[in-house]
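In the numbering used here, the protein residues as written are 40 to 551.
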């Protein structure tokens, strides 16, 4: 049976849904070894065999067609837009599509020469420390939203309310994701919305006067007149365009800050549910919610947070953002399925590991990043929105890889959660996968998820014996962090953009 493209974990492009070509497979994973895909390298196309590509959910074409119309935004997975692995490790440069067509373009600004142009993270730790502190830069802006979020998740059921508020009041962490959203919102305000010259205005942007459509200046109002085509929100500020001067305190700023709250709610809900599934004892240095209350209360608390996030998402009044963020939510579930049901052979594949990392961690960050640009009045396919999603994609992967490295190198008291937790769950992450490449005798242990007595100890012995595995994992994290910085530097110079560069460096140098 033909494996149909997912609508899961995807960015959208406006095009009719393809006609059905067959029946979707009912299996959780589909091998596509026999299919050919065009690969674009240096502007030239060639055909190469697809690698084994696991899809955690396969929906039939017939079922998909029921939810699409001729103008529905069709979703393309973000890992098809941006690169998962370096070329020498088998990674491919993704083909150019509507979702990433402007991935190489730099958004010009009015600033003087950019001191960070061509900036490389490796070897520049001292310079990174001189950049603006990302958390301090938006601390005051986030405070009122941080204080109100516990009210937003209040319930008339005391136990449910306490469980839902647990991570927002007592163990709120550094609010990493809301900080990213707030900094990106400020960075986007420094970029004027671009013209979209490829737009067929008569067909895709039905304004009253077609003759004027052809001459419409899309740098004004952030393409808001054509929001249903572009995904951009209507911008209600003086002059119709968001700038660094009118951004803070505006309706645009409020909606972007609310998106940060929504992202944190979704993230916390996923933590609560994950801890139930993984039977985790601790989270953020304290007891997990299900240990404080019960599994039932924890599941309901997570569900309640997702319900509240959905209501607040609808209040952003941007259907494109709703679809993107709902897809991010779907991705989290897909990642759990992938983690629980992966066939043994896929457990050895670096690409499979990175896709799972994308589903579980990077998808929420990259879709929130693209959504932030849309709420700021930028069209979906614009330079700014593309750069934002690419930044979020690579930052999310770098964050997860570093997390997996710390699982072996940091103590549980520092991490705030049990060390070696992934191996206890039978999961193999980058350090172990690189070790298995060096020591083939480790592979059967990985494939059986370390279920036999002594498997975990043996795997650790091989890891600590390896002279390259941990270094390769760190190199992989640096690769994604550098790609995140490269995407950021396509945005105009601003204090908030530079703070995000420092945040990216922090992600791969942190110790917890």
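Built from N, CA and C at the ideal position, the CB exists for glycine as well.
Close-in-space but distant-in-sequence residues of the same chain around residue i (CB under 8 angstroms, 5 per side omitted)
i: residue 213; result: 174
i: residue 548; result: 164
i: residue 145; result: 422, 528 and 529
i: residue 161; result: 517 and 521
Secondary structure of residue i, DSSP reduced to three states
i: residue 253; result: Residue confidence is low: residue 253 scores 43 on pLDDT, short of 50, so the model does not pin down where it sits. Its coordinate-derived value is still stated next. Here residue 253 sits in coil by DSSP.
i: residue 448; result: helix
i: residue 382; result: coil
i: residue 366; result: helix
i: residue 115; result: strand
i: residue 486; result: helix
i: residue 156; result: coil
i: residue 132; result: coil
i: residue 431; result: helix
i: residue 171; result: coil
i: residue 419; result: coil
i: residue 287; result: coil
i: residue 240; result: Unreliable placement is indicated for residue 240, whose pLDDT of 42 sits below 50; no coordinate value is reported for it.
i: residue 334; result: helix
i: residue 198; result: helix
i: residue 530; result: coil
i: residue 480; result: helix
i: residue 463; result: helix
i: residue 124; result: coil
i: residue 388; result: coil
i: residue 214; result: coil
Residue environment, residue i, which counts as buried when at least 16 other CB atoms sit within 10 Å
i: residue 507; result: exposed
i: residue 297; result: buried
i: residue 84; result: Interpretation of residue 84 is limited by its pLDDT of 40, a score under 50 that renders its predicted location unreliable; the figure taken from the coordinates is listed afterwards. Flag for residue 84 reads exposed.
i: residue 182; result: exposed
i: residue 177; result: buried
i: residue 459; result: exposed
i: residue 399; result: buried
i: residue 159; result: exposed
i: residue 423; result: buried
i: residue 350; result: exposed
i: residue 526; result: buried
i: residue 379; result: exposed
i: residue 105; result: exposed
i: residue 238; result: No answer about residue 238 holds up, because its pLDDT of 45 lies below 50 and its placement is not dependable.
i: residue 261; result: Since pLDDT at residue 261 reaches only 39, below the 50 mark, its modelled position is unreliable, and the value read off the structure follows with that caveat. Counting Cβ neighbours within 10 Å, residue 261 comes out buried, since at least 16 surround it.
i: residue 356; result: exposed
i: residue 306; result: buried
i: residue 448; result: exposed
i: residue 452; result: Per-residue confidence for residue 452 stands at a pLDDT of 47, beneath the threshold of 50, marking its modelled position as unreliable; the derived number appears in the next sentence. Answer is exposed; the Cβ neighbour count stays below 16.
i: residue 80; result: Below a pLDDT of 50, predicted positions are generally treated as unreliable, and residue 80, at 42, falls in that range; no measurement from the model is reported.
i: residue 118; result: buried
i: residue 383; result: exposed
i: residue 511; result: buried
i: residue 480; result: exposed
i: residue 367; result: buried
Neighbourhood of residue i by C-beta distance below 7 angstroms, restricted to the same chain and skipping five residues each side
i: residue 155; result: 528, 537 and 540
i: residue 224; result: 292, 295, 411 and 415
i: residue 153; result: 532
i: residue 329; result: 314, 315 and 337
i: residue 220; result: 295, 298, 299, 302, 407 and 411
Residue interval of the alpha helix (DSSP H) (run including residue i)
i: residue 541; result: 534 to 548
i: residue 230; result: Per DSSP, residue 230 belongs to no alpha helix (DSSP H) and is neither H nor E.
i: residue 8; result: Lying before the first or after the last residue shown, residue 8 is absent from the chain, which here runs from 40 to 551.
i: residue 101; result: 100 to 105
i: residue 410; result: 402 to 414
i: residue 474; result: 469 to 477
i: residue 397; result: Looking at the DSSP string, residue 397 is not in any alpha helix (DSSP H), and its letter there is neither H nor E.
i: residue 500; result: 494 to 504
Cutoff 6 angstroms; reference residue i; Cβ partners in own chain excluding five residues on either side
i: residue 477; result: 505
i: residue 465; result: 488 and 489
i: residue 168; result: none
i: residue 467; result: 386 and 485
Contact under 8 angstroms by Cβ, residue i with residue j
i: residue 408; j: residue 431; result: yes
i: residue 418; j: residue 279; result: no
i: residue 444; j: residue 513; result: yes
i: residue 371; j: residue 403; result: yes
i: residue 354; j: residue 304; result: no
i: residue 124; j: residue 425; result: no
i: residue 308; j: residue 352; result: no
i: residue 509; j: residue 483; result: no
i: residue 405; j: residue 374; result: no
Residue i beta carbon near the ligand GTP (any heavy atom closer than 7 angstroms)
i: residue 123; result: The ligand GTP is not among the ligands present in this structure, which contains no ligands whatsoever.
Short CB-CB distance (under 8 angstroms) between residue i and chain B
i: residue 335; result: Among the chains in the structure shown there is no chain B, since it carries only a single protein chain.
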